[in-house]
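Asker:
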Amino acid sequence: MAWWRQRTERGVAPWVRTRLRTAPGAAVAFGVLVLVTAFLAAALPRALDAYETKGLRQEIAGAPPAATSVELSAPQPGLEIAQSTREKAVRPPALAAVRRAALARLPAPLRADTTESAYGVRTSKSLVGLNHWLPVIDAPPRFTLVAQSGLAAHATVRGGRLPIAAGEVTADTRKVEAAVTEATARTLRLRVGSVIDVDGFGGAPLVVRITGIVEPRHPQGGYWSAEPVLRTPGVAADAPVPPQFHWDAGLLLAPGAAPVLLGSQGQPELYWRFAPATDRLTAQDVPGLVSRIASLEGGPELLRMREVAGGTAAVATDLETVVGSYTTTRAAITPVVAVGAFGIGAVAAVVLVMAGGLVAARRAAELALLRARGGSLRGIAGRLLAETAVVAVPAAAAGLLLAVLTVDEARLLPAVLGASAVALLACAVLPVRAVVAHRRPRAHAERDDLAHARPGRRRTVVELTVLVLAVGSVVALRRRGASSAGDLLVSAAPVLVGLIAALVLVRLYPLPLRWAARPAARGPGVVGFLSLARAGRSSTVGVALPLLALLLALTTAAFGGSVLAGVSDARDRAALLATGADARIAGPGEVTPLPAGVAGAVRKVAGVRAVTAVRIERTAELTSGGAGAKEGLTLIGVEPASYARLARQTGLGAFPAEVLKPKGAQGAGTGRVLNAVASPGLAERLGRAPRRITSLAGDITVRIAAVRSRTPAAPGADFLLVDAAGLTHSDPTALLATGAALDAPALRAAVRGAGKGLTVTSHDEERAALSDAPLQAGAERIYTTAALAGAGYAVLALLLSLLQSAPERAALLARLRTMGLTSRQGRRLLSLDALPQALLAASGGMLAGWATVRLLAPGIDLERLALATAVGQVPVIGASLRTDVWSLLLPAAGTVLLAWAVAVAQAWWAGRRTSITELRTGGMR
Numbered sequence: 002m003a004w005w006r007q008r009t010e011r012g013v014a015p016w017v018r019t020r021l022r023t024a025p026g027a028a029v030a031f032g033v034l035v036l037v038t039a040f041l042a043a044a045l046p047r048a049l050d051a052y053e054t055k056g057l058r059q060e061i062a063g064a065p066p067a068a069t070s071v072e073l074s075a076p077q078p079g080l081e082i083a084q085s086t087r088e089k090a091v092r093p094p095a096l097a098a099v100r101r102a103a104l105a106r107l108p109a110p111l112r113a114d115t116t117e118s119a120y121g122v123r124t125s126k127s128l129v130g131l132n133h134w135l136p137v138i139d140a141p142p143r144f145t146l147v148a149q150s151g152l153a154a155h156a157t158v159r160g161g162r163l164p165i166a167a168g169e170v171t172a173d174t175r176k177v178e179a180a181v182t183e184a185t186a187r188t189l190r191l192r193v194g195s196v197i198d199v200d201g202f203g204g205a206p207l208v209v210r211i212t213g214i215v216e217p218r219h220p221q222g223g224y225w226s227a228e229p230v231l232r233t234p235g236v237a238a239d240a241p242v243p244p245q246f247h248w249d250a251g252l253l254l255a256p257g258a259a260p261v262l263l264g265s266q267g268q269p270e271l272y273w274r275f276a277p278a279t280d281r282l283t284a285q286d287v288p289g290l291v292s293r294i295a296s297l298e299g300g301p302e303l304l305r306m307r308e309v310a311g312g313t314a315a316v317a318t319d320l321e322t323v324v325g326s327y328t329t330t331r332a333a334i335t336p337v338v339a340v341g342a343f344g345i346g347a348v349a350a351v352v353l354v355m356a357g358g359l360v361a362a363r364r365a366a367e368l369a370l371l372r373a374r375g376g377s378l379r380g381i382a383g384r385l386l387a388e389t390a391v392v393a394v395p396a397a398a399a400g401l402l403l404a405v406l407t408v409d410e411a412r413l414l415p416a417v418l419g420a421s422a423v424a425l426l427a428c429a430v431l432p433v434r435a436v437v438a439h440r441r442p443r444a445h446a447e448r449d450d451l452a453h454a455r456p457g458r459r460r461t462v463v464e465l466t467v468l469v470l471a472v473g474s475v476v477a478l479r480r481r482g483a484s485s486a487g488d489l490l491v492s493a494a495p496v497l498v499g500l501i502a503a504l505v506l507v508r509l510y511p512l513p514l515r516w517a518a519r520p521a522a523r524g525p526g527v528v529g530f531l532s533l534a535r536a537g538r539s540s541t542v543g544v545a546l547p548l549l550a551l552l553l554a555l556t557t558a559a560f561g562g563s564v565l566a567g568v569s570d571a572r573d574r575a576a577l578l579a580t581g582a583d584a585r586i587a588g589p590g591e592v593t594p595l596p597a598g599v600a601g602a603v604r605k606v607a608g609v610r611a612v613t614a615v616r617i618e619r620t621a622e623l624t625s626g627g628a629g630a631k632e633g634l635t636l637i638g639v640e641p642a643s644y645a646r647l648a649r650q651t652g653l654g655a656f657p658a659e660v661l662k663p664k665g666a667q668g669a670g671t672g673r674v675l676n677a678v679a680s681p682g683l684a685e686r687l688g689r690a691p692r693r694i695t696s697l698a699g700d701i702t703v704r705i706a707a708v709r710s711r712t713p714a715a716p717g718a719d720f721l722l723v724d725a726a727g728l729t730h731s732d733p734t735a736l737l738a739t740g741a742a743l744d745a746p747a748l749r750a751a752v753r754g755a756g757k758g759l760t761v762t763s764h765d766e767e768r769a770a771l772s773d774a775p776l777q778a779g780a781e782r783i784y785t786t787a788a789l790a791g792a793g794y795a796v797l798a799l800l801l802s803l804l805q806s807a808p809e810r811a812a813l814l815a816r817l818r819t820m821g822l823t824s825r826q827g828r829r830l831l832s833l834d835a836l837p838q839a840l841l842a843a844s845g846g847m848l849a850g851w852a853t854v855r856l857l858a859p860g861i862d863l864e865r866l867a868l869a870t871a872v873g874q875v876p877v878i879g880a881s882l883r884t885d886v887w888s889l890l891l892p893a894a895g896t897v898l899l900a901w902a903v904a905v906a907q908a909w910w911a912g913r914r915t916s917i918t919e920l921r922t923g924g925m926r
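This note's numbering applies: residue 2 is where the sequence shown begins, and numbers increase by one.
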């Protein structure tokens with residue numbers, strides 16, 4: 002019968018309980034390690050699910066309701082049907098019945114938000130208002146007539162009352178009531194009691210009396226914004242050339258008045274609009290959601306909808322486009338996140354293996370004795386497994402529970418699998434290591450130190466295999482980029498580079514020790530030689546596993562920090578390109594000149610260091626050859642000295658101020674040839690000869706004096722920069738302010754008092770907006786966790802290594818103290834004894850981290866991770882890895898300092914104890 006199944010005889014203590022009581026501190030430390038690792042393994046997939054789900058919901062919620070709403074529509078009942086039947090089909094009871102049936106037929110995971118959904122009848126073609134007092138642009142205003150459900154629940158009456166259907170309204174009725182929003186009333190000069198004659202109803206127009214002015218309660222919700230004309234009137238144009246512009250507004254009829262629309266020429270249609278509900282939508286629903294939408298628009302689900310809405314009903318939505326945009330962003334971010342996640346997992350696994358390996362090395366004599374006395378491998382492995390599982394399984398379960406409580410709205414199965422993998426690895430390391438090391442009983446332990454060990458053929462083959470994999474991974478990443486989260490070879494690139502560095506350091510480890518030991522042996526003291534000799538005689542397991550764990554941890558921390566640094570730099574650059582300075586003050590479209598007192602008001606705001614005024618003309622034209630053709634460009638008039646200083650401070654196309662100043666004795670007035678700084682594309686079009694530019698600021702002749710790719714006033718456009726003194730109209734249209742700590746609210750308050758319609762764009766606010774998206778913020782948290790976890794596991798690996806060898810060092814110090822070693826020499830000995838491995842790991846970790854960033858930078862594109870919300874808003878600048886000095890230095894320096902601090906603390910503690918205590922008979926040291 003196996004040992005772990007035998008009943009304990011009377012008087013014999015159980016194995017597991019005895020081992021736990023013998024080393025409770027080690028058991029607690031191992032349990033904490035498993036708990037933390039299981040928490041990370043369970044929390045990581047849940048965090049991925051959570052931020053992807055949040056990103057999907059925000060993408061849908063942030064899109065225009067007109068794009069996300071699912072609309073079921075049907076044309077008006079056919080003329081071949083009796084009039085009464087047609088009118089009955091558009092009355093509220095019939096429409097409500099179709100709505101209930103359509104809601105029941107919406108396929109999962111698509112669900113409707115009934116509070117923002119609506120149904121009714123509308124004119125799909127707007128109708129002309131005939132009243133002469135209505136405002137006219139080029140043509141009379143047009144109205145969309147809508148009899149929509151739920152007006153009372155979605156609007157607050159600000160004047161009058163809501164419309165009602167007096168009596169029975171039919172298609173022949175020519176007088177109805179309507180309500181309008183405050184924006185419509187203000188734009189079209191309407192008030193309670195106004196009467197509008199609407200054309201398009203056969204012989205006589207429809208008389209619409211305004212009975213109420215309403216204010217939308219949720220103007221950005223689906224009820225009002227799915228068809229924005231109901232909320233806010235807009236300007237539309239007719240097809241003829243030149244186009245005739247007119248106001249387009251909405252009139253809100255009572256739902257019971259819907260039959261009157263059947264008598265119009267506005268092509269009335271029935272509709273049922275469903276706003277998507279996102280509260281139960283998850284990232285895993287995306288494939289099913291896209292499939293169901295396609296089926297609704299032209300598949301089996303559409304046929305089911307036609308069963309209740311009529312054979313000619315149609316479903317229209319742009320929700321699949323919105324979801325597709327989210328999918329594209331997620332597909333670009335996920336592979337980059339996979340690289341960081343793989344690094345965290347590899348480091349955690351190596352530290353777990355190292356912990357089991359160090360325990361097996363510490364108990365090597367005990368296990369060898371058990372084998373020598375007849376213990377079977379199966380029995381020893383079973384007892385070790387039971388001993389480990391008692392601690393690891395509850396700790397892993399606690400880590401899983403903590404992850405579930407910490408991260409909400411995520412799947413449970415991936416977290417369970419992650420925590421189970423940690424528990425399995427933690428339970429298996431010690432038994433497997435013991436079985437491998439003690440396959441055959443040994444009479445005495447062989448030397449296993451670095452000075453004696455020689456790499457065998459198997460080790461060489463393994464190392465060469467890892468080298469080939471690392472080279473292949475780096476080459477694949479540089480060529481293909483991180484384009485697929487399922488490409489494990491690419492995701493493992495940083496780990497493989499760190500692994501190669503660890504293997505090289507393990508092979509080179511004895512060399513510097515031998516070189517340093519020779520002069521130390523000839524020195525006057527023994528401390529240096531003893532410390533180096535002990536470091537050289539360390540066991541292979543005691544050096545290789547901690548070095549491997551330390552280098553992987555430091556490499557992961559450096560890579561994670563470099564990703565965060567690259568993302569931060571890209572966002573800073575994008576925000577600067579969006580503003581051109583720390584703050585930008587301008588009128589609508591930067592077209593009209595600023596009021597005279599704005600610049601002075603801005604200069605008085607606390608924190609403003611300098612204000613640069615610029616004149617921006619985006620409609621300037623370059624006269625080209627051939628039939629007077631003209632090409633558009635952006636003309637910028639500046640004061641040379643202040644603008645050159647701004648360009649130098651921001652790093653956007655710096656140039657000497659003298660470039661814009663005329664040469665020779667030419668005056669500063671207009672009519673001369675102006676020197677100009679141009680963008681590369683525009684400079685190529687203009688050439689070096691003087692060219693004529695026409696603009697609202699005046700016609701000028703320019704000559705290209707310098708070429709710059711960017712400039713603060715117009716970072717993303719082809720620009721032409723000239724001295725504003727040479728312009729006929731040089732009044733500034735924008736101000737660029739710089740300062741160390743600009744207060745955007747204070748700037749807005751200042752310009753509000755100096756003029757109307759002015760906007761303030763702050764660099765800090767633009768920078769913050771780039772970090773708001775859940776996908777980007779979640780991925781950034783993953784890499785922050787990777788950097789912190791890498792540093793934490795490096796510290797943990799070092800502590801485990803030092804604690805494993807602590808009893809041996811304490812015994813050595815006690816022996817040497819009996820031979821006359823002083824307390825000061827003892828502290829120096831323990832400090833120098835711990836430093837070689839820490840120094841080698843720190844220097845190797847910094848070198849491996851730097852090499853990893855340099856090797857992988859061409860294949861890691863951080864643009865989507867950093868700038869997804871800015872796509873189309875700022876010029877494409879690219880975002881790649883950047884070596885972060887702090888991510889390299891801090892973990893490495895912390896490793897060395899921690900090793901030194903632990904050694905000093907151990908020396909101090911050992912000095913308080915007697916040598917007899919440390920050298921007691923039978924001590925396992």
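Virtual Cβ for every residue (Gly too), placed ideally from N, Cα, C.
Taking the C-alpha atoms as reference points, what is the distance between L830 and V472?
Answerer: Within the sequence shown, residue 830 is the residue found at index 829, counting from 1. Within the sequence shown, residue 472 is the residue found at index 471, counting from 1. About 41 Å.
Asker: From which residue to which residue does the beta strand (DSSP E) around L263 run?
Answerer: If you number the sequence shown from 1, residue 263 lands on position 262. Premise fails: L263 is in no beta strand (DSSP E) and is neither H nor E.
Asker: Determine, using beta-carbon pairs with one atom in the segment 891-909 and one in the segment 545-556, whether at least three such pairs fall under 8 Å.
Answerer: yes
Asker: Let's test the definition: count the other Cβ atoms within 10 Å of the Cβ of D139 and tell me whether it reaches 16, buried, or not, exposed.
Answerer: The residue you call residue 139 lines up with position 138 of the sequence shown. Around the C-beta of D139, fewer than 16 other C-beta atoms lie within 10 Å, and the residue is accordingly described as exposed.
Asker: Evaluate contact between the segment 693-712 and the segment 599-606, counting only Cβ atoms and requiring at least three cross-stretch pairs below 8 Å.
Answerer: no
Asker: For E766, does the three-state DSSP call read helix, strand or coil?
Answerer: Position 765 of the sequence shown, counted from the start, is the residue given in the question as residue 766. If DSSP states are grouped into helix, strand and coil, E766 belongs with the helices.
Asker: Thinking V338 and A494 are a contact (beta carbons under 8 Å), I'd like their distance in whole angstroms, please.
Answerer: Taking the first residue of the sequence shown as 1, we reach residue 338 at position 337. Taking the first residue of the sequence shown as 1, we reach residue 494 at position 493. About 14 Å; that fails the 8 Å criterion.
Asker: Nearest-angstrom Cα distance between L307 and Q221?
Answerer: Indexing the sequence shown from 1 puts residue 307 at position 306. Indexing the sequence shown from 1 puts residue 221 at position 220. The sequence given here places Arg at residue 307; Leu does not occur at that position. C-alpha separation (whole angstroms): 30 Å.
Asker: Can you tell me the Cα-Cα spacing of S772 and T762, whole angstroms?
Answerer: Along the sequence shown, one-based indexing puts residue 772 at 771. Along the sequence shown, one-based indexing puts residue 762 at 761. The straight-line gap from Cα to Cα measures roughly 17 Å.
Asker: What is the rounded straight-line gap between the Cα of T580 and the Cα of V33?
Answerer: Mapped onto the sequence shown, residue 580 falls at position 579. Mapped onto the sequence shown, residue 33 falls at position 32. Spanning the two alpha carbons is a distance of roughly 49 Å.
Asker: Roughly how many angstroms lie between the CA atoms of V99 and A310, to the nearest whole one?
Answerer: Counted from its first residue, the sequence shown places residue 99 at position 98. Counted from its first residue, the sequence shown places residue 310 at position 309. Distance between the alpha carbons of V99 and A310: 6 Å.
Asker: For the alpha helix (DSSP H) containing D50, list its first residue and its last residue.
Answerer: Position 49 of the sequence shown, counted from the start, is the residue given in the question as residue 50. Per DSSP, D50 belongs to the alpha helix (DSSP H) from 25-63.
Asker: Taking the alpha carbon of R92 as the point to measure from, which residue in A28, R175, D50, P256 has its own alpha carbon closest?
Answerer: In the sequence shown, the residue the question calls residue 92 occupies position 91. When only C-alpha atoms are compared, the closest one is P256.
Asker: Beta-carbon separation of L728 and R616 under 8 Å?
Answerer: In the sequence shown, residue 728 corresponds to position 727, counting from 1. In the sequence shown, residue 616 corresponds to position 615, counting from 1. Yes, Cβ-Cβ distance for L728 and R616 is below 8 Å.
Asker: Output yes or no for whether 8 Å exceeds the beta carbon distance between V723 and V708.
Answerer: Along the sequence shown, one-based indexing puts residue 723 at 722. Along the sequence shown, one-based indexing puts residue 708 at 707. Not closer than 8 Å, so no.
Asker: Expressed to the nearest angstrom, what Euclidean distance is found between the alpha-carbon atoms of G223 and L304?
Answerer: Residue mapping note: residue 223 aligns to position 222 of the sequence shown, counting from 1. Residue mapping note: residue 304 aligns to position 303 of the sequence shown, counting from 1. If I take the Cα positions, the gap works out to 25 Å.
Asker: Taking the continuous beta strand (DSSP E) assigned at I586, which residues delimit it?
Answerer: Here residue 586 corresponds to residue number 585 of the sequence shown, with the count starting at 1. Counting along the chain, the beta strand (DSSP E) containing I586 begins and ends at 584-587.
Asker: For the segment 380-424, which segments carrying the alpha helix (DSSP H) assignment without a break, of at least 4 residues, lie completely within its bounds, in sequence order?
Answerer: Here no run is fully enclosed.
Asker: With C-beta atoms as the reference, is A416 less than 8 Å away from R47?
Answerer: Taking the first residue of the sequence shown as position 1, residue 416 is located at position 415. Taking the first residue of the sequence shown as position 1, residue 47 is located at position 46. Cβ atoms of A416 and R47: closer than 8 Å.
Asker: Could you have a look at S377 and say whether DSSP puts it in helix, strand or coil?
Answerer: What you label residue 377 is simply residue 376 of the sequence shown in a count that begins at 1. The answer is coil: DSSP assigns S377 none of H, G, I, E or B.
Asker: Starting from F246 and walking both ways along the beta strand (DSSP E), at which residues does that stretch end?
Answerer: Within the sequence shown, residue 246 is the residue found at index 245, counting from 1. First-last of the beta strand (DSSP E) with F246: 246-254.
Asker: Could you tell me which residues DSSP pairs with R692 in its beta bridges?
Answerer: Residue mapping note: residue 692 aligns to position 691 of the sequence shown, counting from 1. Bridge partners of R692: V703.
Asker: In its own chain, which residues sit with a C-beta less than 7 Å from the C-beta of G873, not counting the 5 before and 5 after it?
Answerer: As a position in the sequence shown, residue 873 is number 872, starting the count at 1. Because G873 sits at a pLDDT of 43, beneath the cut-off of 50, its placement in the model cannot be relied upon, and the point is left open.
Asker: Going by DSSP, what residue range makes up the alpha helix (DSSP H) through T786?
Answerer: Position 785 of the sequence shown, counted from the start, is the residue given in the question as residue 786. Its alpha helix (DSSP H) spans residues 775-805.
Asker: Could you give the distance in angstroms between the alpha-carbon of V17 and the alpha-carbon of E388?
Answerer: Numbered from its first residue, the sequence shown carries residue 17 at position 16. Numbered from its first residue, the sequence shown carries residue 388 at position 387. The straight-line gap from Cα to Cα measures roughly 5 Å.
Asker: Touching or not, the segment 79-97 and the segment 238-252, by the rule of three or more beta carbon pairs under 8 Å?
Answerer: Result no; under three Cβ-Cβ pairs closer than 8 Å.
Asker: Expressed to the nearest angstrom, what Euclidean distance is found between the alpha-carbon atoms of L841 and L817?
Answerer: Sequence index remark: in the sequence shown, residue 841 carries index 840 (1-based). Sequence index remark: in the sequence shown, residue 817 carries index 816 (1-based). C-alpha of L841 to C-alpha of L817: approximately 27 Å in a straight line.
Asker: Between R190, T19, A42, which lies nearest to A420 when the distance is taken from Cα to Cα?
Answerer: As a first step, residue 420 must be located in the sequence shown, where it is residue number 419. The shortest Cα separation from A420 among R190, T19, A42 belongs to A42.
Asker: State yes or no: is the C-beta of A382 within less than 8 Å of the C-beta of L45?
Answerer: The sequence position of residue 382 within the sequence shown is 381, counting from 1. The sequence position of residue 45 within the sequence shown is 44, counting from 1. Their beta carbons are not under 8 Å apart, which means A382 does not touch L45 by this criterion.
Asker: Can you tell which of V496, G204, G121, E464 has the C-alpha that lies nearest to the C-alpha of L96?
Answerer: As a position in the sequence shown, residue 96 is number 95, starting the count at 1. Of the candidates V496, G204, G121, E464, the one whose C-alpha sits nearest the C-alpha of L96 is G121.
Asker: Can you tell me the Cα-Cα spacing of L801 and L359, whole angstroms?
Answerer: The count along the sequence shown starts at 1 and reaches residue 801 at position 800. The count along the sequence shown starts at 1 and reaches residue 359 at position 358. If you take the alpha carbons of L801 and L359, they lie about 8 Å apart.
Asker: Looking at the unbroken alpha helix (DSSP H) that takes in W134, where does it start and where does it end?
Answerer: Numbered from its first residue, the sequence shown carries residue 134 at position 133. Run containing W134: none; DSSP gives neither H nor E here.
Asker: Let's see if you can read the secondary structure: which residues bound the alpha helix (DSSP H) around G311?
Answerer: On the sequence shown, position 310 is the one that residue 311 refers to. Counting along the chain, G311 falls outside any alpha helix (DSSP H), and DSSP gives it neither H nor E.
Asker: What's the call for E53, buried or exposed, on a 16-neighbour Cβ count within 10 Å?
Answerer: Counting from 1 along the sequence shown, the entry for residue 53 is found at position 52. Classification for E53: buried.
Asker: Touching or not, the segment 351-358 and the segment 19-26, by the rule of three or more beta carbon pairs under 8 Å?
Answerer: no
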